[in-house]
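Enquirer: The structure is given below, and queries will be raised subsequently.
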Amino acid sequence: PSGRERVSPAMADSTISLLLDAEKEAQRVVETARREKAQRLKQAKEDAAAEVAAFRKTREEEMTMRLAQSVDSSGNLASALSERTDEEVEKLKALASQNERKTVDMLLSLVVAADSSA
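Following this line, the structure appears as structure tokens:
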């Protein structure tokens, strides 16, 4: 008596069959979990790509709008500067026209004065 009971071959086969079935079930569960994990990762990657694309589109639209505003304000600035320059030129022309006769008279008097002193 060794303290071990003998197991009948039918019971051993039944136990082995149960263990094999349990192992197959465990493999099926693990494989299903792996597929689901891969599917979740794929979905997360697609969601992240969509979010990045939406963010990029929003930023590009904002940049385009800012650029358009900048060009518009630059155009307005250039136009305003051109108008101001034209106004200043007209003022100087008017001032020169007003003082033209006085300047000619002064120059003639200086020329005449130089001739008389010679």
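One point on numbering: in full-length UniProt numbering, the residue at position 41 of the sequence shown is 41, and numbering is uninterrupted.
For glycine and all other residues, C-beta sits at the position ideal for the given N, C-alpha and C.
My output table needs one value for Ser82: the three-state DSSP class, helix, strand or coil.
Expert: If you number the sequence shown from 1, residue 82 lands on position 82. Helix.
Enquirer: For Glu31, does the three-state DSSP call read helix, strand or coil?
Expert: Translated into the one-based positions of the sequence shown, residue 31 becomes position 31. Residue state, collapsed to three classes: helix.
Enquirer: Look up Val7 in the DSSP assignment and say whether it is helix, strand or coil.
Expert: By one-based count along the sequence shown, residue 7 stands at place 7. Coil at Val7, not helix or strand.
Enquirer: Rounded to the nearest angstrom, what separates Glu46 and Arg34 at their Cα positions?
Expert: Taking the first residue of the sequence shown as position 1, residue 46 is located at position 46. Taking the first residue of the sequence shown as position 1, residue 34 is located at position 34. C-alpha separation (whole angstroms): 18 angstroms.
Enquirer: Taking only the alpha-carbon atoms, compute the straight-line gap between Ser70 and Thr64 and give it to the nearest angstrom.
Expert: Residue numbering aside, residue 70 sits at position 70 when the sequence shown is read from its first letter. Residue numbering aside, residue 64 sits at position 64 when the sequence shown is read from its first letter. Ser70 and Thr64: Cα-Cα distance of roughly 10 angstroms.
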